[in-house]
């Protein structure tokens, strides 16, 4: 064992240098056996594997007796000529070197031996056999592959046409005799497999893929067509950019692999964001994984050491936001990346977010109205690809915020994103706000497709449960302003038809819209069950956009009894009896039996929907 700290550290009285020494503690090597083999045929590989004990590391030096010297441990050697060879092994560690000799006799007799690159293969897959036989040349070979075919090559390759187990036989012959060797090859079929994926999916929305195969499948590998791979029979994947992608599934077993593929079309219509989520916890600030908020497909950027942003003397008339822009591009310059172009729409979006954080005393990427960064860019008119958002607070100077971003792995890949071309910056100082200084940078890709707009439901969540008689707060986000004749309609589906809960044409806050409605009061619904609700953006009778359907569970409140109708009998009038004078009857001709009149259709109570 090496003790690097075992040192003599005494300095002379005159202040001389201390003396240090490394001490190695261990056991000297011992060789109990040089090699397990004493006789080998000429030309056959043999491994020299000694039995050595002692403290490592132990280095081996071999002298093969024919003038060769090897300095590798446990070598594989071939003797090209017959004879008797004295093999010497030197084994050394830092304490001592010991030696031992061994006699190996190399004989001319034929000895058959072979191996295969793979003993388990698929049908129509070549098997390469490696001859390891020895003996005095010339040698003749005869291979029998177990399927009726043979070969006389030294190192043949063979293809089996049917599954099964095949006993391979090798016979070698020379002037001193012959020798045989056997090996078993197992041939099987690659798996039967297929995949199921949707024909299309919006960008930024997770899609599910399912692989199917027989019982022999050992692994599934998915090539998603966008440079990323997934493993497993069931996968989820999110495409960031729109386009057409070929998804290739490879199913493998011990005999080979089978591939199946499908095309998928990715529409540019849903949210796709690139940002880390930062939240305040009781213990401080935490950065959540990207997958906990949105899919993030930016490559990580590694640092070899902590990044330091040195402050630069800038013109006094520069605003703090302009200083932030300078330091962002300076950081990119230090990593050999091109500068970003400042875009007005991104500036407005960034400034709105810092103002929102300061005004509402929060620090997050989701706005006070529930808006996502990519939605805010649409709101303020940026019509290219979204490339991320970075926020910081509590830093007085712009260079401090940028230094923090570069040293934070989830922020670093946004700041140093090679695909970003545009940026907008925002700054707010407010000593009445919790964190005083607020910074935001919005990033864009001028060559990327615009994301959205997307009509996104935010509340209530899926499978939310409420009473039929309760007011439910329906909320959704839409990033664009409405025209005068446009409005949102909220529908409730009972499995058969859509029923209108109400309409809204003004936001409650920013991009947030809401409608409060009771299914019983508005629609007179009384049946328990799982319904679905949906929001549609309409212009007259034309639907411009619609949200996903979201399930909601509505039940009857047992504390509220069903209204029971009261039966009121209709009084009947008793006629007064009066004598009727009689007259001479006259003949009466028969008349046709009158056709009965159908009763009127029942009238169901209706209620006008709340506005």
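Residue numbers (my numbering): 388 to 998.
Glycine included, each C-beta is placed from N, C-alpha and C at the ideal position.
query                                                                                                               : result
Residue 1002: first and last residue of the uninterrupted beta strand (DSSP E) it sits in                           : Absent from the model: residue 1002. The displayed extent of the chain is 388 to 998, so no value can be given.
Status (buried if at least 16 other CB within 10 Å, exposed otherwise) for residue 652                              : exposed
Proximity of residue 410 and residue 424 at Cβ, strictly below 8 Å                                                  : no
Closest by C-alpha distance to residue 790, when choosing among 769, 774, 512, 719                                  : 719
Collapsed DSSP secondary structure at residue 760 in the structure displayed                                        : helix
Per-residue burial, residue 414 [other beta carbons within 10 Å of its own, 16 or more giving buried]               : exposed
Cβ neighbour criterion (16 or more within 10 Å) applied to residue 525                                              : exposed
Counterpart residues of residue 892 in DSSP-defined beta bridges                                                    : BP columns for residue 892 are empty, so no partner.
Delimiting residues of the alpha helix (DSSP H) encompassing residue 716                                            : 707 to 721
Collapsed DSSP secondary structure at residue 513 in the structure displayed                                        : strand
Cα-Cα separation between residue 706 and residue 795, rounded to whole angstroms                                    : 25 Å
Opening and closing residue of the alpha helix (DSSP H) in which residue 920 lies                                   : Here residue 920 belongs to no alpha helix (DSSP H); instead the beta strand (DSSP E) covers 916 to 926.
Spatially closest choice to residue 514 from 745, 500, 527, 532, by CA coordinates                                  : 532
Own chain residues within Cβ distance below 6 Å of residue 930, not counting five before or after                   : 923
Cβ pair residue 427, residue 466 closer than 8 Å                                                                    : yes
Neighbourhood of residue 990 by C-beta, 7 Å cutoff - its chain only, sequence neighbours within 5 removed           : The pLDDT assigned to residue 990 is 40, lower than 50, so where the model puts this residue is not dependable; a value taken from the coordinates is nonetheless given after this. Excluding sequence neighbours, residue 990 sits near nothing in its chain.
Residue nearest to residue 562 in terms of C-alpha spacing, selected from 523, 536, 456                             : 523
For residue 649, three-class secondary structure by DSSP                                                            : strand
Proximal residues to residue 833 (C-beta, below 7 Å), its chain only, five neighbours per side dropped              : 771, 808, 809
Contact check, residue 597 vs residue 640, beta carbons under 8 Å                                                   : no
Residues near residue 537 by beta carbon distance below 6 Å, same chain, minus five either side                     : 530, 531
Rounded separation between residue 556 and residue 568 - CA only                                                    : 6 Å
Cβ pair residue 939, residue 831 closer than 8 Å                                                                    : no
Same chain, Cβ closer than 7 Å to residue 917, five either side skipped, listed in chain order                      : 938, 940
Residue 464 and residue 510 closer than 8 Å at C-beta                                                               : no
Cβ-Cβ separation, residue 845 to residue 863 (assumed contact under 8 Å), whole Å                                   : 6 Å
Of the listed residues 628, 633, 579, nearest to residue 607 (C-alpha basis)                                        : 579
Residue 826 classed as buried or exposed, judged by whether at least 16 other C-beta atoms fall within 10 angstroms : buried
Bridge-paired residues (DSSP) for residue 487                                                                       : 476
Residue 498 versus 548, 431, 752, residue with shortest Cα-Cα distance                                              : 431
Burial state of residue 752, where buried means 16 or more other Cβ atoms lie within 10 Å                           : buried
Helix, strand or coil at residue 735 according to DSSP, with G and I counted as helix                               : helix
contact_flag[the stretch 445 to 459, the stretch 476 to 491] where n(CB pairs < 8 Å) is 3 or more                   : yes
Alpha carbon of residue 768 to alpha carbon of residue 879, nearest angstrom                                        : 33 Å
Buried or exposed (CB count within 10 angstroms, at least 16 for buried), residue 699                               : exposed
CB contact flag (residue 541, residue 528, <8 Å)                                                                    : yes
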